[in-house]
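Number 64 in the working numbering belongs to position 52 of the sequence shown; there are no gaps in the numbering.
We put the beta carbon where it would ideally sit given N, CA and C, even for glycine.
A short write-up of the structure that comes next.
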Amino acid sequence: MSTQPSTQERHPIVSLYHVSKRYGRRTALHDITLHVEHGGFVFVVGPSGAGKSTLLRLVYMEEFPSEGQVTVSGFVSTRMRRNRIPHLRRKVGLIFQDFKLLEDRNVFENVAFPLYVIGANRGYIRRTVLDLLGRVGLYQKRNAHPRELSGGEQQRVAIARALVNSPYVLLADEPTGNLDPVVAREILKLLFRINVAGTAVIMATHDHELVRRYRQRIVHVEQGEIVQDEEAFDLWSREASAPADPSEWREEPLVVEPREAAE
Ligand code: ADP
């Protein structure tokens with residue numbers, strides 16, 4: 013038998029070691045050990061209240077474990093100084109079920125916002141934001157306001173904003189929860205494309221039906237514990253028990269919309 017560590021053990025970008033999280037007497041997570049490799053993709057699946065959001069908040073270091081340790085790249089929860097947290101957050105993108113866009117700003121400004129905050133120069137902001145809007149298919153809507161967009165479009169704006177600092181990992185907390193199934197699958201395909209381009213993705217969802225057809229790793233969480241960790245594996249072995257439409261999982265190149273040369 014091989015004594016080599018697995019890829020996930022060798023190159024984790026996110027690790028939780030024996031992590032527990034309690035809120036008063038309520039245990040949200042109990043003894044979670046989970047490694048996500050550089051460029052990995054993980055669905056964290058479980059019913060409401062299972063602890064999925066808590067797990068993502070620990071990775072974002074919005075919360076800290078009651079026991080155990082979280083590491084994200086070189087950032088270690090037990091040694092984290094307050095003034096290092098903004099540096100970590102720049103390298104961890106975050107999207108939510110309810111998009112959390114700034115309603116009084118247009119699409120461009122929403123995506124540019126994290127770059128305004130760090131004082132990036134205007135040329136860099138413009139290049140970066142327009143490139144990202146092209147990638148998520150919203151270049152033409154760059155001047156629209158969130159209220160003028162569909163739910164799927166708003167989530168794509170949120171995704172572009174989450175990627176603006178080239179994060180190591182994108183955390184997605186029920187990103188398809190407010191979307192109809194067709195749009196939900198489009199958002200998943202976009203997440204896969206982002207992942208193929210090199211960003212690790214951890215997506216939490218209660219919707220096992222939505223994600224089981226894909227070949228990515230699925231970590232099942234129930235009552236604060238990992239009850240099953242299905243490795244990413246050959247679609248056909250998973251599909252032996254769950255037939256799928258092959259058009260759903262075919263990888264597509266990163267879509268870049270035709271761009272006007274100059275404005
Ligand atoms: P999920 O995202 O899977 O729905 P959560 O991580 O939101 O689950 O919640 C897991 C458990 O922790 C639930 O019992 C929830 O009520 C509890 N919980 C989460 N956040 C808090 C908090 N800030 N204060 C108290 N209890 C919390």
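Expected contact under 8 Å - CB spacing of LEU46 and THR66 to nearest Å: Not a contact, Cβ separation roughly 13 Å.
Backbone secondary structure at HIS23 - three-state DSSP: coil
Nearest neighbour of VAL88, chosen from SER78, VAL71 and THR217 [CA to CA]: VAL71
Classification of ARG38 by the beta-carbon crowding that lies within 10 angstroms, buried from 16 upward: exposed
Residues proximal to ligand 1 by C-beta, any heavy atom closer than 6 Å: TYR35, ARG38, ALA40, GLY58, SER60, GLY61, ALA62, GLY63, LYS64, SER65 and THR66
Sheet register partners of SER32 (DSSP bridge): GLU79
Proximity of GLY52 and ALA212 at Cβ, strictly below 8 Å: yes
Pairwise C-alpha distance: VAL231 and HIS218: 12 Å
Three-way DSSP call (helix, strand, coil) for LEU70 in this model: helix
4-residue-minimum alpha helix (DSSP H) runs that sit fully inside the region 171-220, ordered along the chain: 193-208
Buried or exposed by the 16-neighbour rule on C-beta atoms within 10 Å, applied to ASN95: exposed
CB-CB length for GLU242 against ARG229, believed under 8 Å: 6 Å
Cβ-heavy atom distance, TYR72 to ligand 2, below 7 Å: In terms of ligand content, the structure shown lacks ligand 2 and carries ligand 1 instead.
Residue from LEU68, GLY61 and GLY58 with nearest C-alpha to VAL26: LEU68
Three CB pairs or more closer than 8 Å across the region 79-93 and the region 120-138: No: fewer than three Cβ pairs fall under 8 Å.
Closest Cα partner of GLN109 within the set ASN118, MET215 and VAL208: When each option's Cα is compared against that of GLN109, the closest is MET215.
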